[in-house]
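Structure record follows, encoded as C-alpha cells.
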DNA sequence: AAATGCTCGTGAAATGTTTCACAAGTCGAC
DNA sequence: GTCGACTTGTGAAACATTTCACGAGCATTT
C-alpha cells in the first residue's frame, strides 16, 4: 500500500532513455516520432502507469478542457435532461463536463461561479438566478464563453442563449382544450412574476382570442410555487367553485402542479378527463407514468442542451469572430388520456 | 471587448510594489503581513480583478481541492438526492464537487474515471457498474481516497462504503402487507441478478418465514428492468392470472415499477388499495404525488450522501492512518393510501 | 556599541506539461 | 566530400502558485 508520487513525463523519459520533449511528442504528435522510439516510450508509460496531469496542461495552455453547466436544480429532471444533452455534445468534442446545481440559492450560485473562474474553465452554460451579479459579469468581462440556458437575461439579451417559446406553448395547450369543446378553462400557476408563467398565461389568452371567444373563458388560479402541494391546493380551490362556474378543463404551468391537481381530483372522486380535463407543461417522465397519463406540453430538453453546448463550443472556438445567437425552440403538445376529447366538434 | 490574460500574483505584486512572495502571504497567511502592506496588496487585487489559478495551485500542491461523485444516473432523483447530501458536506469543508453520470454505460464510466485520474482530484465517491475495471483499480492503487456509495463491491468489501440494508427493506414492506391481512403477495422486480433486487426479494421471503406462513404466499414476477413500462407489463401479467390465484398485494422493487403497476390497475379499473394493494421502494418524490399516494420504503438518501462524503474526507485527511469503514443505514416504511389496510386484525 | 531577538518581506526553487528553436544525424546529389 | 534537405530528437523556457531559508531593519538588552 505504498502511496507514491504520480509519475511524470520526466520519469517516463528517464525510463525510456529519451528526452522529456520526446515523451511529449509521443503524447501529442506521435507521427513525428520513429516507431522504435515511440514504442519504447509507450512501454515506459504502461509500466509506470503514467497519467497526464490535467492541472499542469491547463496551466500551460491557459484554459482547461472542461466546461461547466450551472443549473438551478439538478434534482429536477428538466435540468438533468438538459445536462444529458450537453454532455453528449461535450463528449463528442472531448470536453469534460462539470455539473453544478445552485439549488435555487443565490449564495451557492455565486460560490460556484467563482469556483468556475478559479478553475480557468473553457466555457460555461448557465441557468442562473441573478443575472446581474458581480461575479457573473466579472466572468463575462474576462471573456469566458458563456451560453444562457432556458432563461434569457434582460440586459444580456444580445449574448448567446437557447430557450423555448413559452407563449406558443401556452397557446398550444389552451387551443387544444378549446378544440375539445371546453368553454371554461382554469389556468393554474404562479407566482405570476416568473417569466415562464407570465408567458404561458399570455399564450393561453392568445389562444382564446384567436378562437374568437370572450376573455372570461379563462380563470386564473395563482399559486405560490410550482410544486405538487400547490397543485393539490389549487385543485381543492377549483372544486370549491359553484358547480355552474366550475371549469371543465385545467391548464397547469408545469407538470408538478398538474399531478397535484390530478391527485386531488382522484381523491375527491372527480373523474378525469370526463368531468375535468388536465393539461400540464414540461412533459416530465412522470407525466406519462401518472395513473391517468397526463397531456403535456413538451419542451425539447435534450435538444436544448445540445444546442446550448454547440453554441458554446462555437463561441470558444471562434473567439472574437463569433457572433452571438439566440436559439428559440418550439414546444410540442403531447396528448394523452387526461384531456381526451369529450364532445366532438368538426375539426 | 478586450480579452486579456488573467492577472497573476506577479501582476498584483508589481502593482502593489511588493514581492510576489508577499502577495502569496496575504492570500495564505494574512496575519504575517503588516496591515499597511496587506491593504496595498488587497487594493491591487481588487483593482486588477485577480483570481487565483486553481490549476497552478493544484500543480503545486499535488492534488486539487475537488472531489467527484460518479453516479449511475443523475437524472434519477435517487442519485440526485445523494448528490445533494454530498454537496452539503463538501461545501462545509471548502471542497468543490464535480458531478458525473455514467448513464449506466460502462464506456462512459471508464472515461470519467480516467478524467478523474487526470484531474488529480482529492477523492472520489462512486456508484459504479464495473467494480473490477482496470481503471478503477488503477485509481485505488494510486492511493486516491474512494468511498463506494449504495453498492458494495465484492472484492472491495473492505474499503469504505455506505449503503442501506435492502433485506430489512424487503422485510418491512412484506411484513406490512402480511399485517394487513394479505396472504397472496406478488414480488415485482428484476433482473433478479441485481444485488438490490436479490436482497429485497430475500427480505420479502424472510418476512413470510418470520410470520410463519408458507413460502408460496409469495409469487415472483421478474422484470427485465426497473422502469415504468416494465411495471405496466408486470401489472398486466398479474391481472391475467386466474381470479382465484391473483395476488391481493404487490411489492415492487422500486417506485417506477410500482407507478407502472398502479397505472395499469387504474386503466383496467382495478381499485387500489381495495382490490390490490401496492408498495414501492425508494420513496421518490413522485411516490407521494401519485394519484393514489404510494406506500414506499424510504432510503435515507440525503444521509447516505452526507455519510459518504464524511467518510471520504476522513480518509483524505488521515491518509494511511485511516481505517476503512462500512456504514449501513436502515430503511423506513412510509405508509400511504396505496396499501391502507383492508381487513383489520388486532395489532 | 555590540549582541540578541523579533517582525516583516524577499526571491529562488519546485510542481508537470507543452512548445519551439535548434542540433544531430542520414541520405542523395553534385 | 561538401552542401542542402529532411527526419528525428533535445532541452530550455514559460505557465501561476506556494514554500522556505534567509536577510534587512529595528528595538531591546548587555
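Chains as they are written, first to last, in the working numbering: chain A, 26 to 372; chain B, 26 to 372.
Cβ coordinates follow ideal geometry from the N, Cα and C atoms, glycine included.
Among the options, the one whose alpha carbon lies nearest that of residue i
i	options	result
residue 299(B)	256(B), 53(B), 206(B)	206(B)
residue 176(A)	212(A), 95(A), 261(A)	95(A)
residue 259(B)	72(B), 169(B), 242(B), 279(B)	279(B)
residue 215(A)	250(A), 347(A), 208(A)	250(A)
residue 383(A)	239(A), 93(A), 306(A), 183(A)	Because chain A is modelled from 26 through 372, residue 383(A) falls outside the range shown and cannot be assessed.
residue 342(B)	80(B), 74(B), 170(B), 138(B)	170(B)
residue 347(A)	168(A), 82(A), 76(A)	168(A)
residue 120(A)	91(A), 340(A), 203(A), 174(A)	91(A)
residue 43(A)	242(A), 61(A), 30(A)	61(A)
residue 277(B)	89(B), 268(B), 204(B), 263(B)	263(B)
residue 246(A)	237(A), 226(A), 137(A)	226(A)
residue 140(B)	166(A), 89(A), 221(A)	89(A)
residue 220(A)	204(A), 178(A), 254(A)	178(A)
residue 261(B)	292(B), 237(B), 231(B)	292(B)
Collapsed DSSP secondary structure at residue i in the structure displayed
i	result
residue 157(B)	coil
residue 372(A)	Low confidence applies here, because residue 372(A) scores a pLDDT of 40, under 50, leaving its location unreliable; read the following figure in that light. Coil.
residue 132(B)	helix
residue 373(B)	Since the first residue of chain B shown is 26 and the last is 372, residue 373(B) is not available in this structure.
residue 188(B)	strand
residue 103(B)	helix
residue 62(B)	helix
residue 447(A)	This structure does not reach residue 447(A), given that chain A is present from 26 up to 372, and the question cannot be answered.
residue 173(A)	strand
residue 168(B)	coil
residue 127(A)	coil
residue 303(B)	strand
residue 198(A)	helix
residue 74(B)	coil
residue 214(B)	strand
residue 148(B)	strand
residue 203(A)	helix
residue 97(B)	coil
residue 121(A)	strand
residue 309(B)	coil
Chain-order list of residues whose beta-carbon lies under 6 Å from that of residue i (same chain, five-residue window excluded)
i	result
residue 360(B)	320
residue 172(A)	150, 185, 333, 336, 337
residue 330(A)	107, 110, 111
residue 155(B)	131
residue 69(B)	37, 40, 41
residue 317(B)	297, 362, 363
residue 308(A)	321, 323, 359
residue 27(A)	Bear in mind that a pLDDT of 48 at residue 27(A), under 50, signals an unreliable position, so the number given afterwards is only what the model happens to contain. Cβ neighbours of residue 27(A) beyond the five flanking positions: none.
residue 349(A)	183, 184, 185
Cβ-based neighbour list, residue i, same chain, cut-off 8 Å, excluding 5 preceding and 5 following
i	result
residue 201(A)	304, 320, 358, 360, 364
residue 228(B)	191, 192, 193, 194, 195, 196, 197, 198, 199
residue 98(A)	104, 126, 127, 128, 129
residue 252(A)	281, 282, 285
residue 58(B)	47, 50, 51, 66
residue 257(A)	285, 286, 288, 289
residue 325(A)	189, 354, 356, 357
Spatial distance of residue i from residue j (CA atoms)
i	j	result
residue 64(A)	residue 56(A)	12 Å
residue 234(B)	residue 244(B)	14 Å
residue 162(A)	residue 142(B)	32 Å
residue 189(A)	residue 182(A)	15 Å
residue 366(B)	residue 275(B)	13 Å
residue 290(A)	residue 239(B)	40 Å
residue 116(B)	residue 83(B)	18 Å
residue 80(B)	residue 80(A)	5 Å
residue 159(A)	residue 134(A)	12 Å
residue 270(B)	residue 288(B)	21 Å
residue 213(A)	residue 313(B)	20 Å
residue 144(A)	residue 78(B)	6 Å
residue 218(A)	residue 217(B)	49 Å
residue 85(B)	residue 254(A)	51 Å
residue 248(B)	residue 265(B)	16 Å
residue 237(A)	residue 315(A)	34 Å
Close Cβ partners of residue i (< 7 Å) along its chain, the five nearest in sequence each way excluded
i	result
residue 34(B)	45, 48, 49
residue 242(A)	208, 209, 210, 233
Legend entry - beta strand (DSSP E) runs wholly inside the segment 233–296 of chain A, at least 3 long, in chain order: 243–247, 274–277
Legend entry - Length at least 3, wholly inside the segment 341–370 of chain B: the beta strand (DSSP E) runs in chain order: 351–354, 357–359
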